[in-house]
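*Asks:* Chains as they are written, first to last, in the numbering used here: chain A, 8 to 344; chain B, 18 to 1191. Where a beta carbon is used, it is the ideal one built from N, C-alpha and C, also for glycine. If you're wondering where the values come from, they're calculated on a predicted model, not measured in any experiment.
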Amino acid sequence: MADLKTTYMGISLKNPIIIGACDLISDIETAKNIEKAGAAAVIYKSLFEEQIELEDLQIKEQIEEYSERHAEMVSIFPTFKHSGPKAHLIGLKKIKNVLNIPVIASLNALSKDTWVDYAKKIQETGVDGIEINLYSAPSNINKSSSQIEKEQLSILKKIKKAITIPVSVKLNFFYSNTLNIIHEMDKEKINGFVLFNRLFQPEIDIIKQRYFYPIQISCQHENKIPLRWTGLVYGNICGDICSSTGIYTGSDVIKMILAGASCIQSVSTVYKNGINHIKTILRDLNSWMDSNGYKNISELKGKLSKKNIKDPHFYERAQYINILLKNEAIIKKEFTR
Amino acid sequence: MKKMETMDGNTAAAYVAYAFTEVAAIYPITPSSTMAEMTDEWSANGKLNIFGQKVNVAELQSEAGAAGSVHGSLSAGALTTTFTASQGLLLMIPNIYKIAGELLPGVFHVSARAIAAHALSIFGDHSDVMALRQAGAALLASGSVQEIMDLGSIAHLAAIKSRIPFVHFFDGFRTSSEVQKIEVLDYNDLSNLLDRDALKAFRDRSLNPERPYTKGTAQNPDIFFQAKEAANKFYDQVPQIVADYMMQISKLTQREYKPFVYYGAKDAENIIIAMGSVTETVEETVDYLNKNGEKVGLIKVHLYRPFSSKYFFDVFPKSVKRIAVLDRTKEPGALGEPLYLDIKTLFYDTEKSPLIIGGRYGLGSKDTTPGQIKAVYDNLKQDEPKNCFTIGITDDVSNSSLAVEEEIVTVPDGTIQCKFWGLGSDGTVGANKNAIKIIGDHTDMFAQGYFAYDSKKSGGVTISHLRFGKSPIRSTYLVGYADYIACHNQAYVNQYNVLKGLKKGGIFLLNCQWKPEELGEKLPAFMKRYLAEKSINFYTINATDIAATIGLGNRINMICQAAFFKLANIIPLDDAVKYLKKAIEKTYGKKGAEIVRMNYEAVDKGITSVVKFDIPSDWKDAKDFTDVAVKEPEFIEKILRVINKNEGDDIPVSAFVGNEDGVFPSGTAAYEKRGVAVNVPEWQKENCIQCNQCSYVCPHASIRPFLFTEEELKNAPEGMEALDAKGKGLEGYKYKIQVSTLDCTGCGNCVDTCPAKEKALVMKPLDSQSKEMENWNFAVSTKPKENLMSADTLKGSQFKQPLFEFSGACAGCGETPYAKLITQLFGDRMIIANATGCSSIWGASAPSTPYCKNWEGKGPAWANSLFEDNAEYGFGIALGIKHMRAKLADEARELADMNVANDLKNALNEWITNKDDSQLSKDATVKLIPLLEKKLSDEKAEALRKDIFDKKDFMIKKSIWILGGDGWAYDIGYGGLDHVIASGENVNILVFDTEVYSNTGGQSSKSTPTGAVAKFAASGKKIKKKDLGMIAATYGYVYVAQIAMGANKNQALKAIIEAEKYDGPSLVIAYSPCINHGIKIGMGKTQYRQKQAVDAGYWHLYRFNPELKKQGKNPFILDSQEPKESFREFLMGEVRYSSLTKILPETAEELFKKAEKEAKEKYESYKKMSLSET
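#1: Residue 448/B and residue 397/B look like a contact to me (Cβ under 8 Å); what is the Cβ gap, rounded to whole Å?
#2: State the Cα-Cα distance for the pair residue 48/A and residue 179/A, rounded to the nearest angstrom.
#3: When the Cα atoms are used, what is the spatial distance from residue 1114/B to residue 40/A?
#4: Could you confirm whether any beta carbon from chain A is found closer than 8 Å to the beta carbon of residue 661/B?
#5: Express the C-alpha separation of residue 618/B and residue 601/B in angstroms, rounding to a whole number.
#6: Could you check where the beta strand (DSSP E) with residue 374/B kicks off and where it finishes?
#7: Which residues does DSSP pair with residue 438/B in a beta bridge?
#8: If the cut is a Cβ gap below 7 Å, which residues of chain B does residue 112/A touch?
#9: Which residues, taken in chain order from the segment 84-101 of chain A, show a beta carbon closer than 7 Å to some beta carbon of chain B?
#10: Across which residues does DSSP place residue 73/B in a beta bridge pair?
#11: If we cut at 8 Å on Cβ distances, does residue 190/A have a partner in chain B?
#12: Do the CB positions of residue 1016/B and residue 858/B come within less than 8 Å of each other?
#13: So for residue 1094/B, helix, strand or coil by DSSP?
#14: With a 10 Å radius around its C-beta and 16 neighbouring C-beta atoms as the bar for buried, classify residue 330/A as buried or exposed.
#15: Going by the beta-carbon positions, is the gap between residue 811/B and residue 713/B smaller than 8 Å?
#16: Between which two residues does the alpha helix (DSSP H) carrying residue 298/A extend?
#17: Taking C-beta to C-beta, are residue 725/B and residue 751/B nearer than 8 Å?
#18: If you follow the beta strand (DSSP E) that residue 995/B is part of, which residue opens it and which one closes it?
#19: Could you name the residues of chain B that residue 320/A contacts, counting a contact when the two beta carbons are closer than 7 Å?
#20: Classify residue 191/A as helix, strand or coil using the three-state DSSP reduction.
#21: Starting from the beta carbon of residue 64/A, find every residue of chain C whose beta carbon is closer than 8 Å, and list them in chain order.
#22: Would you say residue 284/A reaches chain B, if we count a Cβ-Cβ gap shorter than 8 Å as a contact?
#23: Is the number of C-beta pairs between the segment 721-736 of chain B and the segment 825-834 of chain B that are closer than 8 Å three or more?
#24: May I ask you to verify whether the segment 1062-1078 of chain B touches the segment 58-77 of chain A, counting CB pairs closer than 8 Å and requiring at least 3?
#25: Can you tell me where the alpha helix (DSSP H) holding residue 276/A begins and where it ends?
#26: Terminal residues of the continuous alpha helix (DSSP H) containing residue 125/A?
#27: Please decide whether residue 618/B counts as near chain A, where near means a Cβ-Cβ distance under 8 Å.
#28: Measure the C-alpha to C-alpha separation of residue 247/B and residue 240/B and round it to an integer number of angstroms.
#29: At what residue ranges does the segment 606-673 of chain B contain a whole run of the beta strand (DSSP E), taking only runs of 3 or more?
#30: Please report the distance separating the alpha-carbon of residue 89/B from that of residue 667/B.
#31: Check whether the segment 272-291 of chain B and the segment 174-187 of chain B touch, using three or more Cβ-Cβ pairs below 8 Å as the test.
#32: For residue 759/B, does the three-state DSSP call read helix, strand or coil?
#33: Starting from residue 78/A, find everything on chain B with Cβ-Cβ shorter than 9 Å and list it in chain order.
#34: List, in chain order, every chain B residue whose beta-carbon is nearer than 7 Å to that of residue 61/A.
#35: Which one of 427/B, 526/B, 379/B has the shortest CA to CA distance from residue 497/B?
#36: Does the beta-carbon of residue 276/B, which I'm using as the reference point, lie nearer than 7 Å to any heavy atom of the ligand MG?
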């Protein structure tokens, strides 16, 4: 049996399998089963400030639904004040208290002050680290990329200053230069990078002619994106890489580690194949490492990263036409290694 | 720097009260409840009083209880306050005597309200505070929201210094609910005014074993009188103390206060003396009249008790020759009303005593206008002014009323007056409050808002009255002359005269989905004429479609608010847009760009989408379309129709002659046909299994099964379809489910309940069902087939005519289906004593009476006494009936023993034998009455026959029902309820258990379960619900049942029938989902929620029948199965619980666990009871 231990955000993990932020982790029994199945760490579901604000709005609407309809019933509920992240933090603390594996929190806020305030509150729960979920879908056409990046870096700087537990960043790859922003964040001593955040995408129903948001779990083929960027980033930053999106099998995990990941995050495969699939992934990883003579993760980590392969352009090819133009022999060689 | 805020009178009172209060003992009553609610909320949120503490708030079981606790808390040395009104204040009177007698500085803030007499009124007058005159408390009156802020503090300060308790009062609704921009006093400033030595002395006098004493002794004739007189000096000092504090407050605020304030011409000859909100209107009128060359004035009374002649004469102009005293109360049989008599006494035996007359005004919030005040001054100018006059009504019986020659416009120049017609809960009122806040907060303008509501809880109208101006607004009356009127509901153009009072050239905005070219057809002629004749600037906006398009659903308020700012032009439009968007950013900024965008768009569209409509000149000649006149009963024509057009103020006193005792005819609700539903059920006959469950659960009795003979159907409207009736005894009949679409509120419980494989009911737009009313009218014109099937079955019960129909209850109300069912079972011989509360509001909001008569003219006789006494009231009815029937039985026996014809003798004996059986007494009565109609030859026998015949209405066994909510049964009326069930008397008590004070706006009761959020339990109720049923069951001889119709329809029916049949007291507790629960799946699923409640083990069904015990059986039958669904999920289905997870997640977890544990324990204990040996 190979040694599967790895380190992520400075946290020792018994293996590279982390179960990413999802609702599964909010239920104590499910979280325990995930731990039992062999996951090395879990990311607790994201604390979304926007969700809190929307809940606040929803409560207001619910309590006012029947207001102002009768002289004696101008209102029917007392005035409520949403407790903010309190409920989330209680749930987080509960999970931290029942699991033995590291528990990492996830945060997405709206204002700078809240990012820091919530990060501090999360730290107080005793979690092992915090994942900054930099999700946003810019809708302001007048806002430049550099402005957005500047704001994100500023937020990270403040958070790093305010808390002592390790901080990772979960990114999407829609940056003009993803490498550069990771590099800049790395300079802020971010301890880990999750590549990538997979966003829900809108859909249009052409029969009903309306838009909607379908529930879409990630597909295995989508893991080529993190694979590329893991390979590109590895060796260029101090922080650890955690690959994410479309990682379904032991083979997928091996690929990510070969590209340079310290660990991976999976969610969709657990939804699709069940919690015990974690065991299968670990078994396949172990068996592959054993059959290929790897004794520990560090031996294969980054072995096929950009830094360590012969074709310097491999991870940079982005167009089909470019591939055709390259030397057939090189292609053949790299693809058959 | 003055701190200005917009707030209502109750908020102002609560604000100053909080400063000086250490303990508040409270109980809800309209319109004072919000003072207590705010105190509770502020305390829960950690607000500190001037002593740096949170106020300790405790809700009691009644106002009597609250007053007792005020007394106790004061005795213990804590500054204690309460808030109340009306009947609540009356319940406090015994303790006010005690508190005054013991010289304790308690403060009672009272939003003065009418006392129920011939009818209940939740609205304002001084009947309540006037009942206190001799109790020993000081009475301090405020007339405006600002005065409440200023004088409310004096009540506390002067109480501490004088040792006399203070009742600070202001007009219920008119001032308590009026929103005004006022200056808020600083707690530091108030703290500086406190006499700390007096406070220390108060604390030093408290009950304490360190320095014990005895108080509350029983005194004999030798000393009681003298001891009472010893306290005179404390009263003598009060005016001076109050005047001193008024001076200090005046210095602080630059607003002049004295115990009596004079306003008007220095050399006035004719003046009015009054107190309360009317003084503001009088001031406005005085300005108007003096500007027009008159010399009139006003003395405002602030300190009414102790009444100080010194301070009165300090301000009384020597020039005054005539005085009109206005009283907002009526003292029947007195020489005059109290203030009038006080003023008369003041001048008795003085030289040059002016002519003094008195009059009544404003009872039950009757609007008092400047025109009426002018009429008072005009009356004073008469050679022989009318005394004991009334204003605001047309008294064509006693001829007391003063005619209003003309309505005058007395508001200062530049004041903009606006009126908005909205649908209850459509956001209109909220948007108007926001508009006041925006203008109040961002400009130096003053703003005022007053909001009038419908008495219906479904589909009711709201009318907002707004004023904006450069100077403080003193118009304490409804907007009569409007610069701007908006109607946010297009249906109102045909129901009300929405344009009434719109000035010539004024602005009218109609929110409608009609295109401009449709307006000529859609608007009624009277409206078109008004628009044309008054050159109204008429605009339309289709806010309904705009809101839907931009994603705001049915929220039209922001769009209409923006349109208002554009058209009314009160502040520059750019500023208005800026402020509106700033407010949106503040409210929604963090809630996502989409929400902000939608609201921004609403503002922009509200401004750009108003369409000016050029009124065609021929609208001046628009002709009324006259329907074929349908003759209606006089009451309907002269009262109901007028009130429902919002013109009840025009009804003269004579309309009530013959009904002076407050009696209203039964069944008037059936004439209303309000058509408030958006969608109504449509019967799908091919799917119908004829179970009648739709009818059983309908809260408004607007869907019913009908049976027809073939013969009857020959006269049916064309196209009306019916099925062959199924079921034993129904052979040969035709069956139809018929909906009264104009009476339906569209809740959808019928559809949800329908058990057919394919639903036999489908909700369809009301407009698509126009044919159905013709079918309905035909169906109800046929004779009910009530006895073909036993009413003891669910199906059979629904062939009985509901004698409760079309109430104004909320759509989906959980209470009314129970009320309807009992009328179907026992309505023709039923007397109902109804506690005040939701069930008395949907039971009898004038002019609408939903309790009605059957085809024989029989039906429930319904009456409401009070809130607290309902069990005793019903018990009294039972005693009276029992007595009358006993006498009747004696007489019947005596006559039967005489030498009368055998058929009469037999009939009398049959009745005597069966008089206590509901059906047999009915049968015997039917036989007996024709025989009693025949005169007897024997003189003595004839006298007896006549006596018996006169009492024939007592022959059929009566079914006495005592109805009320949990606030009554568990709290305020519990003592009485307990006594009545203990009495063993044969009465039936039905408790509509909504687990909260529903009618007064959702305050916690002892029925509120652990973890539920309610007012006075804002952080979730910490203690468990009282098990009223089990307490009652301990007597052993009380029939007790818990039911939930939606969970088990047969069990509910069985329990109600058993309860009625039981010859003794019975108590049925009915689970009643309510809007106060915040049911997330909607009020269309209230029946389903009952099922969920039982399935989750939240509500348990059982029957405790003492008859079984007599038969040697276990009297307790548990009808609930083992809980099979998640208790927690049930809780999360309602806002009253789920909100706690967002407000206080830790507490929620703890309380929900506790609630679940308690529910399980309760179920286990019931189970144990059901299994135990007898």
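*Replies:* Quick answer:
#1: Here residue 448/B refers to the residue found at position 431 of the second sequence. Here residue 397/B refers to the residue found at position 380 of the second sequence. Contact doesn't hold; Cβ gap of about 43 Å is too wide.
#2: Translated into the one-based positions of the first sequence, residue 48/A becomes position 41. Translated into the one-based positions of the first sequence, residue 179/A becomes position 172. Rounded to the nearest angstrom, the two C-alpha atoms are 21 Å apart.
#3: In the second sequence, the residue the question calls residue 1114/B occupies position 1097. In the first sequence, the residue the question calls residue 40/A occupies position 33. Looking at the two C-alpha atoms, the distance is approximately 30 Å.
#4: Counted from its first residue, the second sequence places residue 661/B at position 644. Not one chain A Cβ lies under 8 Å of residue 661/B.
#5: Working through the second sequence from its first residue, we reach residue 601/B at position 584. Working through the second sequence from its first residue, we reach residue 618/B at position 601. Each residue's alpha carbon lies about 11 Å from the other.
#6: Within the second sequence, numbered from 1, the residue matching residue 374/B stands at position 357. Unbroken beta strand (DSSP E) run through residue 374/B: 372-377.
#7: As a first step, residue 438/B must be located in the second sequence, where it is residue number 421. In DSSP, residue 438/B forms a bridge with 480/B, 504/B.
#8: Taking the first residue of the first sequence as position 1, residue 112/A is located at position 105. The contacting residues do not exist; residue 112/A stays about 16 Å from chain B at best.
#9: 84, 85, 86, 87, 88, 89, 90, 93, 94, 97
#10: Here residue 73/B refers to the residue found at position 56 of the second sequence. DSSP, once it has assigned bridges, lists 40/B as partnering residue 73/B.
#11: Here residue 190/A refers to the residue found at position 183 of the first sequence. Closer than 8 Å: no.
#12: Here residue 1016/B corresponds to residue number 999 of the second sequence, with the count starting at 1. Here residue 858/B corresponds to residue number 841 of the second sequence, with the count starting at 1. Yes; because the gap between Cβ atoms is below 8 Å, this pair is in contact.
#13: Here the question's residue 1094/B lines up with position 1077 in the second sequence. Reduced to three states, the DSSP call for residue 1094/B is helix.
#14: Along the first sequence, read from residue 1 onward, the residue named residue 330/A stands at position 323. Model confidence at residue 330/A stands at a pLDDT of 49, short of 50, so the residue's coordinates are unreliable; what they give is reported in the following sentence. So residue 330/A counts as exposed.
#15: Here residue 811/B refers to the residue found at position 794 when the second sequence is read from its first residue. Here residue 713/B refers to the residue found at position 696 when the second sequence is read from its first residue. Result yes, Cβ atoms of residue 811/B and residue 713/B sit closer than 8 Å.
#16: The residue given as residue 298/A occupies position 291 in the first sequence. Note, residue 298/A: alpha helix (DSSP H), 284-298.
#17: By one-based count along the second sequence, residue 725/B stands at place 708. By one-based count along the second sequence, residue 751/B stands at place 734. Going by C-beta atoms, residue 725/B is nearer than 8 Å to residue 751/B.
#18: Translated into positions along the second sequence, residue 995/B becomes position 978. It is not in any beta strand (DSSP E) - residue 995/B instead sits in the alpha helix (DSSP H) that spans 991-1000.
#19: Taking the first residue of the first sequence as 1, we reach residue 320/A at position 313. Per Cβ cutoff of 7 Å: no residues; residue 320/A is ~40 Å from chain B at best.
#20: On the first sequence, residue 191/A is found 184 positions in, with the first residue counted as 1. Correct three-state label for residue 191/A: helix.
#21: In the displayed structure, chain C is absent; the protein chains listed are A and B.
#22: Counted from its first residue, the first sequence places residue 284/A at position 277. Output row for residue 284/A: interface = no.
#23: no
#24: no
#25: Locating residue 276/A in the first sequence gives position 269, where the first residue counts as 1. Element bounds for residue 276/A: 275-280.
#26: Stepping through the first sequence from its first residue, residue 125/A is reached at position 118. Looking at the DSSP string, the run of the alpha helix (DSSP H) that includes residue 125/A is 119-131.
#27: Indexing the second sequence from 1 puts residue 618/B at position 601. No, no contact with chain A.
#28: Along the second sequence, one-based indexing puts residue 247/B at 230. Along the second sequence, one-based indexing puts residue 240/B at 223. Rounded to the nearest angstrom, the two C-alpha atoms are 11 Å apart.
#29: 628-630
#30: Here residue 89/B is taken as the residue at index 72 of the second sequence, counted from 1. Here residue 667/B is taken as the residue at index 650 of the second sequence, counted from 1. Spanning the two alpha carbons is a distance of roughly 48 Å.
#31: no
#32: For the purposes of this step, residue 759/B is taken as the residue at position 742 of the second sequence. If DSSP states are grouped into helix, strand and coil, residue 759/B belongs with coil.
#33: Residue numbering aside, residue 78/A sits at position 71 when the first sequence is read from its first letter. The answer, in chain order, is 47, 48, 139, 140, 190, 194, 468, 469, 470, 471, 472.
#34: On the first sequence, position 54 is the one that residue 61/A refers to. In chain order: 608, 609.
#35: Taking the first residue of the second sequence as 1, we reach residue 497/B at position 480. For the residues 427/B, 526/B, 379/B, the minimum Cα distance to residue 497/B belongs to 427/B.
#36: The ligand MG is absent from the structure shown, which contains no ligand whatsoever.
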